[in-house]
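Enquirer: Top to bottom, those sequences are chains X and F.
Per numbering that gives the first Met the number 0, the first sequence starts with residue 0, numbered consecutively.
Per numbering that gives the first Met the number 0, the second sequence starts with residue 0, numbered consecutively.
Number of protein chains: 2
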Amino acid sequence: MTITNVSTQDRRFKLNAGAGSDAVHSDPVYSFAVTLIRLDSGLSGTGLVLTMGRGNDMVCRAIELLGQQLVGRDIEELMADFGSTFRKLADDVQLRWLGPHKGVVHLALASITNACFDLWAKSRDVPLWKLLLTLSPTEVVQLLDLSYLEDVLDRAEALRVLEAELPARSDRESILTTGYPGYDTSVGWYQYDATQLEQNIKRSLDNGFGAFKLKVGGPLKYDLSRAHSLRRAAGENATIMFDANQQWNLPQALTACEELRAFRPLWIEEPTHPDDIFAHQTLAKAIAPLAIALGEHVPNRVISKNYLQADCVRFLQPDCTRLGGISEFITVSLLAKKFGVPVIPHVGDMGQIHQHLVLFNRIAIGHPEEFLECIPHLSSHFVHPANLRDGRYQTPQEPGSSADLL
Amino acid sequence: MTITNVSTQDRRFKLNAGAGSDAVHSDPVYSFAVTLIRLDSGLSGTGLVLTMGRGNDMVCRAIELLGQQLVGRDIEELMADFGSTFRKLADDVQLRWLGPHKGVVHLALASITNACFDLWAKSRDVPLWKLLLTLSPTEVVQLLDLSYLEDVLDRAEALRVLEAELPARSDRESILTTGYPGYDTSVGWYQYDATQLEQNIKRSLDNGFGAFKLKVGGPLKYDLSRAHSLRRAAGENATIMFDANQQWNLPQALTACEELRAFRPLWIEEPTHPDDIFAHQTLAKAIAPLAIALGEHVPNRVISKNYLQADCVRFLQPDCTRLGGISEFITVSLLAKKFGVPVIPHVGDMGQIHQHLVLFNRIAIGHPEEFLECIPHLSSHFVHPANLRDGRYQTPQEPGSSADLL
Chain X
0 MTITNVSTQD RRFKLNAGAG SDAVHSDPVY SFAVTLIRLD SGLSGTGLVL
50 TMGRGNDMVC RAIELLGQQL VGRDIEELMA DFGSTFRKLA DDVQLRWLGP
100 HKGVVHLALA SITNACFDLW AKSRDVPLWK LLLTLSPTEV VQLLDLSYLE
150 DVLDRAEALR VLEAELPARS DRESILTTGY PGYDTSVGWY QYDATQLEQN
200 IKRSLDNGFG AFKLKVGGPL KYDLSRAHSL RRAAGENATI MFDANQQWNL
250 PQALTACEEL RAFRPLWIEE PTHPDDIFAH QTLAKAIAPL AIALGEHVPN
300 RVISKNYLQA DCVRFLQPDC TRLGGISEFI TVSLLAKKFG VPVIPHVGDM
350 GQIHQHLVLF NRIAIGHPEE FLECIPHLSS HFVHPANLRD GRYQTPQEPG
400 SSADLL
Chain F
0 MTITNVSTQD RRFKLNAGAG SDAVHSDPVY SFAVTLIRLD SGLSGTGLVL
50 TMGRGNDMVC RAIELLGQQL VGRDIEELMA DFGSTFRKLA DDVQLRWLGP
100 HKGVVHLALA SITNACFDLW AKSRDVPLWK LLLTLSPTEV VQLLDLSYLE
150 DVLDRAEALR VLEAELPARS DRESILTTGY PGYDTSVGWY QYDATQLEQN
200 IKRSLDNGFG AFKLKVGGPL KYDLSRAHSL RRAAGENATI MFDANQQWNL
250 PQALTACEEL RAFRPLWIEE PTHPDDIFAH QTLAKAIAPL AIALGEHVPN
300 RVISKNYLQA DCVRFLQPDC TRLGGISEFI TVSLLAKKFG VPVIPHVGDM
350 GQIHQHLVLF NRIAIGHPEE FLECIPHLSS HFVHPANLRD GRYQTPQEPG
400 SSADLL
């Protein structure tokens, strides 16, 4: 059970015209900086983070620099105190300067972390969600680096949150058989015209989806016209969300949100720059009760804490391929629970890993059952692609985190 | 005057034992990810950003990816509207995912930006400070990307700030002959013992310095003992500062600041995690009138704006080798001016470029005359090392930004 090798792969996938496009990322090449961690037994764990293509090689290089420190470790011993290893890697005395805890080095750490969890679940021959649910609250907390959260969520408080949920867990396990609901992001990419949008929604409705996201952030007239198409095609009772992908500045966001409000969206996503906590605070107050969602560009637990303290995010969208991997995702989910904010992950992993994590969040942390983003464009590249039926993620049964690529 | 080539160099410099050490960075290898931009005339501009060694190659790689877009541009045409080019590079539709506006890609942008300014000044055969002082307020604003600052500092407001200072500029030009004061960081690295600390301070006093920084963030007893040595060696009238380099969490910072207060430091620097705006806000209120300084790990103008809005930083320490280069440094200096906060740069460039920028800040923006950090360890590697006399930076006279390496 000893790690003998850590390696990396630079995988890039060309998408069909318009797929993945938003107001900011006009030419995405969905790419994974992959970590492969091998045991002496031959078993291999796979970790992913998403990039948009160019620069994926830099994340791979950072994985090489950081990952070597794991060679020689026993996987069970490593995961029995993963929080310590995470902190040691995150605070590498030289690489830390390049973040800290953000950007290329933190994406690399995420890929490594995700590979460790995948390998750990495979070595126990269970799906990741099942492994996580067998852990005691103490074992979960041992996975986490809670440094710089002492004012809100220290070790004792994290334990308390998890222990308080123990009695109600069994009542929530029915989600494992019903499957976790999904929502469809792939209908409404920015470069899709009204015809394509309406065709996509029709197909998605046929596939059982009842919730849809639309990329906005263009000229307001363009956004409004497409919002109209979306609402008309999806129906009055459908749940719809708008995603500006950080395109607006604060004055633009104030204007656009007022106009888009008429379409009754569940949220406005990433209305402005992801570093601008106070702009989001101002906006949230101005547009209430219209809700703000964000998280896909919040790189770590510290900034997540600040967003929650600012009381401006109604739906938190952490991503284990943006945060430092699965362990920091769990940390942020605990933080969100403390602040009473639902967690609806952004799926840089195309939902493969997060389909496990939302089950843990629901059952062990007691987060409400929401829905998980669905982006199926890379399905054909996974060994075990997420299995959606009637708009719900069917609970994965294969060992690991479903991250293996063909 | 056309750019024909953009290249990069990975330069790493081993320091003497203990030099550069702090509570977090125990084994620094001061390194520069260098951008070289060449004109058809053969003239070459040099841009620098600092790293701690490992990973410097990733910044060089990002420079390669971003820098090619400048080939074929005329330097005067480029700098007549540099703000637009900056935004285009910062928002590269694929590389942006790796930040945005932080980490490896933003460090690369800083190195490129700094090379553009160096080349521009050389092509006009003047030192950078002189070039910047000959620009009209409009020309200065054209250098800047003010996006996402609209709520505080739009184009009109930036112009107004600069124009308001025009009448008083000539009164401030005496600084060009007296030289800008320095303070000495190199006396008090974390791994220097009391004897070495006292020897260093004695030598520094002999060299005309009257202000000294001490690295703290160790066991409190160690910090207090060294603070005592510093105060005794420097004298009761010396200005002293303590720098924790992000080591403390909030509870630790609250305790340590209360203890260190007795030594009458001008500031406590980087008391906790650089992303934790609300922790700094809490701390600032708790320890007032003791002041907080930070900035070296604030990657962009948006987070700088948030820190200023949070009213918790008494001395802002932006660094043109952390922010996206000289232009974003000027943007942040304008922001700080609006909030009435002095700018005392962190010198990732060892002061080479910032000795120009503090002159611009003093004369054109009307910032108070403070002092500039001094770290002489790489002096022997520069073509024109900063020239300090009686503890003051002597105004550089060579064309460019003084960034050329031997």
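Note that beta-carbon positions come from the ideal geometry of N, C-alpha and C, so glycine has one too.
Anything in chain X within Cβ reach of F/Leu-88, meaning under 7 Å, just list it in chain order.
Expert: Reading the second sequence from its first residue, position 89 is the one you call residue 88 of chain F. Simply none; closest approach about 12 Å.
Enquirer: The beta strand (DSSP E) with F/His-11 in it runs from where to where?
Expert: Stepping through the second sequence from its first residue, residue 11 of chain F is reached at position 12. Looking at the sequence itself, residue 11 of chain F is Arg, so the reference to His does not match. Note, F/Arg-11: beta strand (DSSP E), 2-11.
Enquirer: Taking Cβ-Cβ distances below 9 Å as the criterion, which residues of the segment 268-280 of chain X are in contact with chain F?
Expert: Correct list: Thr-271, His-272, Pro-273, Asp-274, Asp-275, Ile-276, Phe-277, Ala-278.
Enquirer: Enumerate, from N- to C-terminal direction, the unbroken beta strand (DSSP E) stretches of 3 or more residues contained entirely within the segment 6-94 of chain F.
Expert: With a minimum length of 3 residues, the continuous beta strand (DSSP E) runs that stay inside the segment 6-94 of chain F are 30-38, 43-46.
Enquirer: Identify which residue in X/Gly-339, X/Glu-369, X/Ser-400, X/Leu-371 has its Cα closest to the Cα of X/His-383.
Expert: Position 384 of the first sequence, counting from 1, holds the residue named residue 383 of chain X. With distances taken between Cα atoms, X/His-383 lies closest to X/Ser-400.
Enquirer: Starting from the C-beta of F/Ala-252, find all residues in its chain whose C-beta is less than 6 Å away, skip the five residues before and the five after it, and write them out in chain order.
Expert: Position 253 of the second sequence, counted from the first residue, corresponds to residue 252 of chain F. Within the same chain, F/Ala-252 has close Cβ partners Pro-270, Thr-271, Leu-282.
Enquirer: Please return the same chain residues whose Cβ sits closer than 6 Å to the Cβ of F/Asp-222, not counting the five positions on each side in sequence.
Expert: Walking along the second sequence from the start, residue 222 of chain F turns up at place 223. For F/Asp-222, where only same-chain residues beyond five positions count, the Cβ hits under 6 Å are Val-215.
Enquirer: Could you give the distance in angstroms between the alpha-carbon of X/Ala-402 and the alpha-carbon of X/Glu-327?
Expert: Locating residue 402 of chain X in the first sequence gives position 403, counting from the first residue. Locating residue 327 of chain X in the first sequence gives position 328, counting from the first residue. So the alpha carbons of these two residues sit roughly 18 Å apart.
Enquirer: So, does the CB of F/Ser-6 fall closer than 8 Å to a CB anywhere in chain X?
Expert: As a working mapping, residue 6 of chain F is identified with position 7 in the second sequence. It does not: the Cβ of F/Ser-6 has no partner Cβ on chain X nearer than 8 Å.
Enquirer: Just the Cα atoms here: how many angstroms apart are F/Asp-310 and F/Gln-280?
Expert: Start at 1 with the first residue of the second sequence, and residue 310 of chain F comes out as number 311. Start at 1 with the first residue of the second sequence, and residue 280 of chain F comes out as number 281. Computed Cα separation, rounded: 7 Å.
Enquirer: Taking only the alpha-carbon atoms, compute the straight-line gap between F/Glu-75 and F/Ile-111 and give it to the nearest angstrom.
Expert: As a first step, residue 75 of chain F must be located in the second sequence, where it is residue number 76. As a first step, residue 111 of chain F must be located in the second sequence, where it is residue number 112. In a straight line, the C-alpha of F/Glu-75 is about 16 Å away from that of F/Ile-111.
Enquirer: According to the Cβ coordinates, are X/Gln-246 and X/Ala-18 closer than 8 Å?
Expert: The residue given as residue 246 of chain X occupies position 247 in the first sequence. The residue given as residue 18 of chain X occupies position 19 in the first sequence. Result no, Cβ atoms of X/Gln-246 and X/Ala-18 do not sit closer than 8 Å.
Enquirer: Counting only C-beta atoms, is X/Asp-156 closer than 8 Å to chain F at any point?
Expert: By 1-based counting over the first sequence, the position of residue 156 of chain X is 157. Looking at the sequence provided, one finds Glu at residue 156 of chain X rather than Asp. It does not; no Cβ of chain F falls within 8 Å.
Enquirer: Report yes if the C-beta distance between F/Gly-52 and F/Arg-11 is below 8 Å; otherwise report no.
Expert: In the second sequence, residue 52 of chain F corresponds to position 53, counting from 1. In the second sequence, residue 11 of chain F corresponds to position 12, counting from 1. Their beta carbons are under 8 Å apart, which means F/Gly-52 touches F/Arg-11 by this criterion.
Enquirer: Using beta carbons (cut-off 8 Å, strictly below), is X/Met-51 in contact with chain F?
Expert: Working through the first sequence from its first residue, we reach residue 51 of chain X at position 52. For X/Met-51, the answer is yes, since a Cβ of chain F falls inside 8 Å of its Cβ.
Enquirer: Rounded C-beta distance between X/Ala-292 and X/Arg-263? I'm assuming under 8 Å.
Expert: Along the first sequence, read from residue 1 onward, the residue named residue 292 of chain X stands at position 293. Along the first sequence, read from residue 1 onward, the residue named residue 263 of chain X stands at position 264. With a Cβ gap of about 15 Å, X/Ala-292 and X/Arg-263 do not count as contacting.
Enquirer: What in chain F is Cβ-close to X/Arg-60, meaning under 9 Å?
Expert: Indexing the first sequence from 1 puts residue 60 of chain X at position 61. By Cβ distance, chain F contributes Gly-54, Asp-56, Met-57, Arg-60.
Enquirer: Check the Cβ-Cβ distances between F/His-24 and every residue of chain X, and say whether any is below 8 Å.
Expert: On the second sequence, position 25 is the one that residue 24 of chain F refers to. For F/His-24, the answer is yes, since a Cβ of chain X falls inside 8 Å of its Cβ.
Enquirer: Scan the segment 300-324 of chain X for residues whose Cβ lies nearer than 7 Å to a Cβ of chain F and list them as they occur along the chain.
Expert: Within the segment 300-324 of chain X, the qualifying residues are Val-301, Ile-302, Asn-305, Gln-308.
Enquirer: Cβ of X/Leu-106 within 8 Å of Cβ of F/Leu-106?
Expert: Translated into the one-based positions of the first sequence, residue 106 of chain X becomes position 107. Translated into the one-based positions of the second sequence, residue 106 of chain F becomes position 107. No. Outside cutoff.
Enquirer: With DSSP as the reference, identify every bridge partner of X/Tyr-147, one or two as the case may be.
Expert: Locating residue 147 of chain X in the first sequence gives position 148, counting from the first residue. DSSP output for X/Tyr-147 lists no bridge partner at all.
Enquirer: Excluding the 5 residues flanking X/Gly-181 on each side, which residues of the same chain have their C-beta closer than 7 Å to its C-beta?
Expert: Taking the first sequence and counting its residues from 1, the one referred to as residue 181 of chain X is at position 182. For X/Gly-181, where only same-chain residues beyond five positions count, the Cβ hits under 7 Å are Phe-208, Phe-370, Leu-371, Cys-373, Leu-387, Gly-390, Arg-391, Tyr-392.
Enquirer: Taking 8 Å as the threshold, find out whether the segment 109-124 of chain F comes into contact with the segment 34-44 of chain F through three or more Cβ pairs.
Expert: Flag = yes, the segment 109-124 of chain F and the segment 34-44 of chain F touch.
Enquirer: On the premise that F/Leu-152 lies in contact with F/Leu-145, defined as a C-beta separation below 8 Å, what is that separation, rounded to the nearest angstrom?
Expert: Here residue 145 of chain F refers to the residue found at position 146 of the second sequence. Here residue 152 of chain F refers to the residue found at position 153 of the second sequence. Their Cβ separation, rounded to whole angstroms, is 6 Å, which keeps F/Leu-145 and F/Leu-152 in contact under 8 Å.
Enquirer: How many angstroms separate the CA atom of F/Gly-324 from the CA atom of F/Asp-318?
Expert: In the second sequence, counting from the first residue as 1, residue 324 of chain F sits at position 325. In the second sequence, counting from the first residue as 1, residue 318 of chain F sits at position 319. One C-alpha to the other measures close to 8 Å.
Enquirer: Could you check what DSSP says for F/Thr-271 in three-state terms: helix, strand or coil?
Expert: What you label residue 271 of chain F is simply residue 272 of the second sequence in a count that begins at 1. Note: F/Thr-271 maps to coil in three-state DSSP.
Enquirer: Determine the DSSP secondary structure at X/Val-342, reduced to helix, strand or coil.
Expert: Residue mapping note: residue 342 of chain X aligns to position 343 of the first sequence, counting from 1. Note: X/Val-342 maps to strand in three-state DSSP.
Enquirer: Using a Cβ-Cβ cutoff of 9 Å, what residues of the segment 98-113 of chain X are near chain F? List them in chain order.
Expert: Residues Gly-98, Pro-99, His-100, Lys-101, Gly-102, Val-103, Val-104, His-105, Leu-106.
Enquirer: Where does F/Val-125 fall in DSSP's three states?
Expert: Here residue 125 of chain F corresponds to residue number 126 of the second sequence, with the count starting at 1. DSSP places F/Val-125 in coil when its eight states are reduced to three.
Enquirer: Where F/Glu-149 and F/Gly-217 are concerned, what is the direct C-alpha to C-alpha distance, given to the nearest angstrom?
Expert: Here residue 149 of chain F refers to the residue found at position 150 of the second sequence. Here residue 217 of chain F refers to the residue found at position 218 of the second sequence. When rounded, the distance between both Cα atoms is 41 Å.
Enquirer: Keeping to the same chain, check which residues put their C-beta closer than 7 Å to that of X/Trp-266; ignore five residues upstream and five downstream.
Expert: If you number the first sequence from 1, residue 266 of chain X lands on position 267. Hits under 7 Å: Met-240, Ala-290, Ile-291, Ala-292, Arg-313, Phe-314.
Enquirer: Between the segment 221-235 of chain X and the segment 253-260 of chain X, do three or more beta carbon pairs fall short of 8 Å?
Expert: Yes: at least three Cβ pairs fall under 8 Å.
Enquirer: With H, G and I counted as helix, E and B as strand and the rest as coil, what does DSSP make of F/Tyr-306?
Expert: Along the second sequence, read from residue 1 onward, the residue named residue 306 of chain F stands at position 307. Residue state, collapsed to three classes: helix.
Enquirer: Taking Cβ positions, are X/Ile-200 and X/Ala-226 nearer each other than 8 Å?
Expert: For the purposes of this step, residue 200 of chain X is taken as the residue at position 201 of the first sequence. For the purposes of this step, residue 226 of chain X is taken as the residue at position 227 of the first sequence. Not a contact, by the Cβ cut-off of 8 Å.
Enquirer: Tell me which residues of the segment 358-379 of chain F have at least one Cβ-Cβ distance to chain X shorter than 7 Å, keeping chain order.
Expert: Under the 7 Å Cβ criterion, the segment 358-379 of chain F contributes no residue.
Enquirer: Anyone know if the C-beta pair for X/Asp-26 and F/Val-92 falls short of 8 Å?
Expert: Within the first sequence, the letter at position 27 stands for residue 26 of chain X. Within the second sequence, the letter at position 93 stands for residue 92 of chain F. Yes, the pair counts as a contact, with Cβ atoms nearer than the cut-off.
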